[in-house]
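Colleague: Could you have a look at this structure, given as structure tokens, before my questions?
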């Protein structure tokens, strides 16, 4: 039994010795790297951005300014709820003027009257009734 105790004790001693050596080497390496790398004359080189990152940052800053100006411009355009409720649409007909839904004067060759009844979608599976002029 004393031989087993001696072996276990000697193995633990070797482990402790290795841990002490590793910790000492780690501290020495850390100190060496700090004194080597952290010199005042290298700070400018270490902290300088590459040229492509500087260019990209400038482009993104310019894009941000343009987008902020566009947002500000769009925010200044008044959009009244009454206009939207009456059916004003921002899409235009062939004349280039905005279209007001529900108004048909017949004077424009490009304008067509809107149907008063909504048509059923052909995707719903129901048969579509032909449109007749008498309203039935």
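In UniProt numbering, the protein residues as written are 1 to 136.
We put the beta carbon where it would ideally sit given N, CA and C, even for glycine.
All of these numbers come straight from a predicted model, not from anything done at the bench.
1) How long is the line joining the alpha carbons of residue 73 and residue 61, rounded to whole angstroms?
2) Using only the alpha-carbon positions, how far apart do residue 123 and residue 52 sit?
3) Go to residue 67, then tell me how far its alpha helix (DSSP H) extends in each direction, as first and last residue.
4) For residue 39, does the three-state DSSP call read helix, strand or coil?
5) Does DSSP put residue 48 in a helix, a strand or coil?
6) Expressed to the nearest angstrom, what Euclidean distance is found between the alpha-carbon atoms of residue 12 and residue 27?
Modeller: Checking against the coordinates, here is how it stands:
1) 18 Å
2) At residue 123, the pLDDT of 48 sits below 50, so the modelled position is not reliable and the matter cannot be decided from this model.
3) 51 to 76
4) coil
5) coil
6) 23 Å
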